[in-house]
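If you want it as structure tokens, here you go:
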């Protein structure tokens, strides 16, 4: 066993070395480097991390065989039935570039903004306080005295990602993917991941969401300091609150957890139906919970705008329209999968049944009675995962759903971690201003 | 400055004389670098340099036989500055080895940045075997030795701290080659803010210190 591991390690190392020294660079290279270096230095860096989990994760990571697997993993991030800690770890690793030491962060800051941090801020902390998608976040104080968070992107990550996708599209990898991941899905994935590398776009997203989420008083979105930002450096106001995992580690009371869960659910629904765009990065670290249970949203790199078709589909499912007859059932299928699905009647039947199962679980009744969905036992997450795996097996993958289902699964995962028990119908009704039953208690 | 160099008094003490000599050398280098940036290395004649530095062309030859000697002096000065900077930066001196090496090379590149074209020309010139700038030139190697000893000192500290297995003087030579490779890459790097160089430097250093720390390839 030991021997086998050494060989794998050496093999991986050679491969890693090749990637590391290739001049063109590869995002996968960063990923592997990151995973690998993390694995090796885990004991030093995270003493608290249990060795059993660590071993499991390492096994899992070692099964990543190339970009194809990486993409597969990205697509079904939470849909494999992995232990919770592993999901957590994978979610963490998903979009992380290797950590930058203070000298590199400082050099990259200057490469992008033209000046060193110490020249533009009154105070700048050289060590990061958080990892972000494709970079890391430092605390700073502006010359005017405002507390800010400065996100710095790892150098040349964009071209590295582009290289990976180039490689992915090349024949060798395409062969492995044929029939599983359609080109349109890969294109959507590339577009989504590349979108995260542009901090100017992210600044626009932040402004958009701050404006549109104003009606939800318990949601906080940072301000952007444009003059201290570029496409690779983003200066935002610092939000109070602790990341979701730290919040949970304090074992808060059920009422507090449930309040946060209800707010997250309401936030999701509000984005879906009113804003028609969603913060699609489900990483629990992107939710900062403050002492009053308010939710600070950070990391707007991955934002998805919904097409009317998806909104209509969602509404149909929530309203249980299939009960109105075959015509409506066909409408659901055609909205979700397009008319081609009817050429595969067996698959169509399965997809419809799965969708009905899930939505009956989430919205037990479309009428006014109170129905509590229990997220604590993980059954919703499990159901989603099963459906995801079946869809993958039946080669049903649609670009529109790549990031929205990631967001949805991410939400259910967080609700599961919170152990939330929620009445989704009531939350939605309240958002619509229709609720007459004890609205104050829900949110 | 120009006036001063002209009025150098031969009766002054030996120490004063060396000091003035160094001043003149610096003045010549400053004039030369400005001209190199303006007209390029090859187009700039010693005549123009001496005129700009405010000295006779003959005087210039007392200090630098050729433009190549000027280039060698330039690198010597820059490397001396890097060593001085390192000694004064307490945070870097306490950092991990990968960061130290990163900061040293990056600081050097940053100093070279205003003279990129000149460095490029020097690199081409260094390809000529008979050139003083060639990496095989003994004179060049002699000048480099001080810098390699400085690096050797840093590696020795890392060895003592258990950050590195004993690499001996080989480590310093490996660094020298790596430094050269990075400068070559940096000269070609057309990415914004030369961020590709930053990424390459970081990844190479992380991986190599990682491998070395684990005792070569057997991990």
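Residue numbers (this note's numbering), protein chains in the order written: chain H, 1 to 443; chain Y, 1001 to 1219. Beta carbons: idealized from backbone N, C-alpha and C, even for Gly.
*If you drop the 5 nearest sequence neighbours on each side, which residues of the same chain put their C-beta closer than 8 Å to that of residue 123/H?*
If you number the first chain from 1, residue 123/H lands on position 123. Counting only Cβ-Cβ distances below 8 Å, and skipping sequence neighbours, we find 140 and 141.
*Look at the alpha carbon of residue 1046/Y and the alpha carbon of residue 1137/Y, and state the distance between them as a whole number of angstroms.*
Residue numbering aside, residue 1046/Y sits at position 46 when the second chain is read from its first letter. Residue numbering aside, residue 1137/Y sits at position 137 when the second chain is read from its first letter. Take the alpha-carbon of residue 1046/Y and the one of residue 1137/Y: they are about 22 Å apart.
*Taking one C-beta from the stretch 235-254 of chain H and one from the stretch 325-338 of chain H each time, how about it: are there three or more such pairs within less than 8 Å?*
The stretch 235-254 of chain H, when compared against the stretch 325-338 of chain H, does not touch it at the 8 Å Cβ threshold.
*List the residues of chain H whose Cβ lies closer than 8 Å to the Cβ of residue 1198/Y, in chain order.*
Here residue 1198/Y is taken as the residue at index 198 of the second chain, counted from 1. Neighbours of residue 1198/Y on chain H, chain order: 104, 107, 108, 111, 155 and 156.
*Touch check for the stretch 371-391 of chain H and the stretch 416-431 of chain H: three-plus C-beta pairs under 8 Å?*
Yes: at least three Cβ pairs fall under 8 Å.
_For residue 136/H: DSSP bridge partner residues_ = Residue mapping note: residue 136/H aligns to position 136 of the first chain, counting from 1. The partner list for residue 136/H (beta bridge, DSSP) reads 131/H and 152/H.
_Which of helix, strand or coil DSSP assigns to residue 279/H_ = As a position in the first chain, residue 279/H is number 279, starting the count at 1. Strand.
*Please check if any C-beta of chain H sits within less than 9 Å of the C-beta of residue 1175/Y.*
If you number the second chain from 1, residue 1175/Y lands on position 175. Not closer than 9 Å to any Cβ of chain H, the Cβ of residue 1175/Y fails to qualify, so no.
_7 Å CB neighbourhood of residue 1097/Y in its chain, flanking five on each side removed_ = Counting from one through the second chain, the residue named residue 1097/Y turns up at place 97. Take residue 1097/Y, set aside five residues on each side of it, and the residues of its chain with a beta-carbon closer than 7 Å to its own are 1158, 1163, 1164 and 1209, in chain order.
_Rounded to whole angstroms, what is the Cα-Cα separation between residue 1206/Y and residue 337/H?_
Within the second chain, residue 1206/Y is the residue found at index 206, counting from 1. Within the first chain, residue 337/H is the residue found at index 337, counting from 1. For residue 1206/Y and residue 337/H, the distance between alpha carbons rounds to 46 Å.
*Does the separation of the CB atoms of residue 1071/Y and residue 1125/Y fall below 9 Å?*
For the purposes of this step, residue 1071/Y is taken as the residue at position 71 of the second chain. For the purposes of this step, residue 1125/Y is taken as the residue at position 125 of the second chain. In this structure, residue 1071/Y lies near residue 1125/Y, with their beta-carbon atoms less than 9 Å apart.
*Between the C-alpha atoms of residue 334/H and residue 397/H, what's the straight-line distance to the nearest angstrom?*
As a first step, residue 334/H is located in the first chain; it is residue number 334 there, counting from the start. As a first step, residue 397/H is located in the first chain; it is residue number 397 there, counting from the start. Cα atoms of residue 334/H and residue 397/H: separation of roughly 14 Å, rounded to the nearest angstrom.
_residue 295/H (DSSP reduced to helix, strand or coil)_ = To locate residue 295/H, count along the first chain from 1; it is residue 295. Assigned with DSSP and collapsed to three states, residue 295/H falls in strand.
*Rounded to a whole number of angstroms, what is the C-alpha to C-alpha distance between residue 1290/Y and residue 1029/Y?*
In the structure as shown, chain Y begins at 1001 and stops at 1219. Residue 1290/Y is therefore absent and cannot be evaluated.
*How about residue 1225/Y: is its C-beta nearer than 9 Å to some C-beta of chain H?*
The structure shown has nothing for residue 1225/Y, since chain Y only spans 1001 to 1219.
*What separation, rounded to the nearest whole angstrom, lies between the Cα atoms of residue 260/H and residue 294/H?*
Translated into the one-based positions of the first chain, residue 260/H becomes position 260. Translated into the one-based positions of the first chain, residue 294/H becomes position 294. Whole-angstrom Cα-Cα distance: 7 Å.
*Quick one: which unbroken alpha helix (DSSP H) runs of 4-plus residues sit fully inside the stretch 181-206 of chain H? Chain order, please.*
Residue ranges of uninterrupted alpha helix (DSSP H) with 4 or more members, entirely inside the stretch 181-206 of chain H and ordered along the chain, are 183-195.
*asked:* For a test of the three-state rule: what should DSSP assign to residue 159/H, helix, strand or coil?
replied: Counting from one through the first chain, the residue named residue 159/H turns up at place 159. Helix, per DSSP.
*asked:* With a threshold of 9 Å between beta carbons, is residue 1220/Y in contact with chain H?
replied: Any question about residue 1220/Y goes unanswered here, given that chain Y covers just 1001 to 1219.
*For residue 153/H, the nearest candidate out of 408/H, 420/H, 316/H and 299/H (CA to CA)*: Reading the first chain from its first residue, position 153 is the one you call residue 153/H. Checked all of 408/H, 420/H, 316/H and 299/H; the closest Cα to residue 153/H is 299/H.
*Determine the direct distance from the alpha carbon of residue 1196/Y to that of residue 1019/Y, and round the result to whole angstroms.*
Position 19 of the second chain holds residue 1019/Y. Position 196 of the second chain holds residue 1196/Y. Roughly 41 Å separates the two Cα atoms.
*Are residue 218/H and residue 263/H closer than 9 Å when you measure CB to CB?*
In the first chain, residue 218/H corresponds to position 218, counting from 1. In the first chain, residue 263/H corresponds to position 263, counting from 1. Residue 263/H is positioned such that its CB atom lies closer than 9 Å to that of residue 218/H.
_Nearest residue (CA-CA) to residue 431/H, options 266/H, 199/H and 132/H_ = Mapped onto the first chain, residue 431/H falls at position 431. For the residues 266/H, 199/H and 132/H, the minimum Cα distance to residue 431/H belongs to 266/H.
_Between which residues of its own chain and residue 323/H is the CB-CB distance below 6 Å, once the five residues before and five after are set aside?_
Here residue 323/H is taken as the residue at index 323 of the first chain, counted from 1. Taken in chain order, the list of residues that qualify is empty.
*Measure the alpha-carbon distance for residue 1192/Y versus residue 253/H and round it to whole angstroms.*
Here residue 1192/Y corresponds to residue number 192 of the second chain, with the count starting at 1. Here residue 253/H corresponds to residue number 253 of the first chain, with the count starting at 1. Going by the C-alpha atoms only, they are around 50 Å apart.
_Proximal residues, the stretch 1081-1100 of chain Y versus chain H, C-beta separation under 8 Å_ = Of all residues in the stretch 1081-1100 of chain Y, those with a C-beta nearer than 8 Å to a C-beta of chain H are 1091, 1092, 1095, 1096, 1098 and 1099, reading in chain order.
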